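Some notes on the structure that comes next.
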Amino acid sequence: MQTYQLRNEEMTIEFGKMIGKLLHPNDVVVLDGDLGAGKTTLTKGIAQALGIKRYVKSPTYTIIHEYHDGRMPLYHIDAYRLEDGNADDIGLEEYFESDGVTVIEWAQFIKEYLPEEYLKIGLDRNHDNTQRFLTIEPNGERYQQFEKFLEDQINGQ
Ligand SMILES: Nc1ncnc2c1ncn2[C@@H]1O[C@H](COP(=O)(O)OP(=O)(O)O)[C@@H](O)[C@H]1O
Ligand SMILES: [Mg+2]
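Each residue of the sequence shown is one higher than the one before, counting from 5 in the numbering used here.
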């Protein structure tokens, strides 16, 4: 698996922008990383690439933030508070199947609700918390292809 080094916050945003450019309606992105790993920062970049101008912040208390001012809707989910299995009421499937992009932080708490295919992005910190390391784990054909497109973009093709 390829690891990308993100040397500062701006690089995390830029990487998010590259991802956002390639996303299609219906796509689901799972962000895997502990508190402060850079999940929300990456989502800001994704939102920018979708043309969203509203300020993106963590939906920790509200669980879902919807952004409708871009070229397609962005559904930003923080599943941390769904740990106790109260995800039934949210109608997650409707988000996944809608015409927007869904980005999920703390998806391990809603594992059984996730669609069959999704793009998983891992974020880790270095020892002194000054950098991040990003990995991409495609689940399903669509996201294997997505990873190729992303690599092409990173390599400037
Ligand atoms: N590549 C990076 N290098 C150093 N710091 C970063 C990087 N990317 C993001 N950060 C910083 O990490 C902190 C936590 O980011 P955040 O996106 O809120 O994490 P999470 O949503 O995973 O809890 C922020 O202060 C942000 O500026
Ligand atoms: Mg966050």
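Just so it is clear, CB atoms sit at the ideal spot from N, CA and C, and this is done for glycine as well.
These numbers come from a predicted model, not from an experiment.
- Counting along the chain, residue 46 sits inside the alpha helix (DSSP H) bounded by residues 43-53.
- The beta-carbon distance between residue 135 and residue 10, rounded to whole angstroms, is 6 angstroms. This is short enough to meet the 8 angstroms contact definition.
- Counting C-beta pairs with one atom in each stretch, the stretch 67-87 and the stretch 154-161 have fewer than three that are closer than 8 angstroms, which means they do not touch.
- With respect to the C-alpha of residue 56, the residue from 123, 24 and 137 having the closest C-alpha is 24.
- Judged by DSSP in its simplified three-state form, residue 122 adopts strand.
- In the structure shown, residue 11 falls within a coil segment according to DSSP collapsed to helix, strand and coil.
- By the beta-carbon neighbour count (other beta carbons within 10 angstroms, threshold 16), residue 95 is exposed.
- For residue 49, same chain residues with a beta-carbon under 6 angstroms away, outside a window of 5 residues either side, are 17, 20 and 21 in chain order.
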